[in-house]
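**Q** Here my numbering is used: the sequence shown runs in plain steps of one and ends on residue 1707.
For each residue, glycine too, the CB sits at the ideal point set by N, CA and C.
It should be emphasised that the depicted structure is a prediction, and the values quoted were computed from it without experimental measurement.
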Amino acid sequence: MTALALLLAVVGAGCFAGAAVLQHGAITSRVDLRQLLARPRWLAGAGLAVAGAGLHALALVLAPVSVVQPVGVLAVPLAVGLSLRNRRSPGQVVAGAALCVAGVALVVRTAAGATPHAPADLGRFLLVSCTVAAAAGLALAVLAARTTGRVRCVACAAAGAVAFGLVSALLRAVSVQLGTADVGTLLGAAAALAVALAAGGWLVQQGFASGPPAVVVAALTVIDPLVATGLGAGLLGEAGGLGTAGVAFLLGAGAVAAAGVALLARHHPDAARRQVQHPSTPREEVPT
């Protein structure tokens, strides 16, 4: 089951990378949902994103969050390659992508090696995880609203990643307690999933409007698994054997991956070009 889950997660990562490039190319400096729904390129990207999400969700049913979630980091080099096709990738961009992959790989290796404990109560998980995710997402959204350029791009993507990390951990929690949780708790989980998906999707589109797809994907694939793994470790008992040293190592691995995101945001050619534009200058619209 674990091998199948990993395969599904890899294919899903490819879908996410393609979706990011397609949707970024269809978005101007303003996110207008009515206009986006009339653009075939954006709709194709949305379809790929839905397919990737479905594959990822199925993988989460088959294996723990700490094993499946970080596989999505493969979307980073794929997105870099697609966004810079027919162009030479700067060394700093390659280094940034490598740091993202290495950092998240260290996260999954450390978290997956811990001894799982019994899952926590789903009701408690809902309350605590939604509160933590909402606070973090709101803080990042406020930062995005007060900034422009690469900072706004990363902040929007990070806020979306927090929402998607909550979705991943919540899907895993529901899957392991589906037969024992009461109907009210399951309905609450469904509502939380819907809100988190909608908020995360909107924030990611804002990220695409502010920077290149590779930067958005990098922020998503780094922060999303860190949030999901953190919630799995703290509330689902999936990393109960880590100890203080293990937690410190996880934080260090996360710092390595975050450094990769910073490199991509600073040196990606598309990010540098957009940084010198005036914030109010609209992007040239790509014909669809």
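Buried or exposed for residue 1671, going by 16 or more other Cβ atoms inside 10 Å?
**A** Burial call: exposed.
**Q** Between which residues of its own chain and residue 1478 is the CB-CB distance below 6 Å, once the five residues before and five after are set aside?
**A** Around residue 1478: 1424, 1427, 1428 and 1487.
**Q** Suppose the cutoff is 7 Å on Cβ atoms and the five residues either side in sequence are ignored; what does the same chain contact list for residue 1420 look like?
**A** Cβ neighbours of residue 1420 beyond the five flanking positions: 1481 and 1482.
**Q** Of the residues 1431, 1491 and 1453, which one's Cα is nearest the Cα of residue 1466?
**A** Here the closest residue by C-alpha is 1431.
**Q** In terms of residue numbering, what span does the alpha helix (DSSP H) encompassing residue 1421 cover?
**A** Per DSSP, residue 1421 belongs to the alpha helix (DSSP H) from 1421-1445.
**Q** Going by CA-CA distance only, name the one from 1665, 1636 and 1649 that's closest to residue 1515.
**A** Considering only alpha carbons, the answer is 1636.
**Q** How is residue 1643 classed by DSSP in three states: helix, strand or coil?
**A** Helix.
**Q** With distances taken between CB atoms, is the gap from residue 1634 to residue 1592 smaller than 7 Å?
**A** Contact flag unset, no.
**Q** Under the three-state reduction of DSSP, which class applies to residue 1473: helix, strand or coil?
**A** DSSP places residue 1473 in helix when its eight states are reduced to three.
**Q** Is the region 1560-1580 touching the region 1601-1610, taking contact as three or more C-beta pairs under 8 Å?
**A** These segments do not touch.
**Q** Between the alpha carbons of residue 1641 and residue 1587, how many angstroms are there, rounded?
**A** So the two alpha carbons sit approximately 14 Å from each other.
**Q** Report the rounded CA-to-CA distance for residue 1433 versus residue 1471, giving the unit in angstroms.
**A** Cα to Cα, the separation comes out at about 8 Å.
**Q** May I ask you to report which of helix, strand or coil DSSP gives residue 1698?
**A** Confidence at residue 1698 is low in this model, with a pLDDT of 46, below 50, so the placement of that residue is unreliable and no value is reported for it.
**Q** So, at 6 Å on beta carbons, what are the nonlocal neighbours of residue 1437 in its own chain, with the 5 sequence-adjacent residues on each side left out?
**A** Correct list, in chain order: 1467.
**Q** Residue 1611 to residue 1559, Cα distance in whole Å?
**A** Taking the straight line joining both Cα atoms gives about 19 Å.
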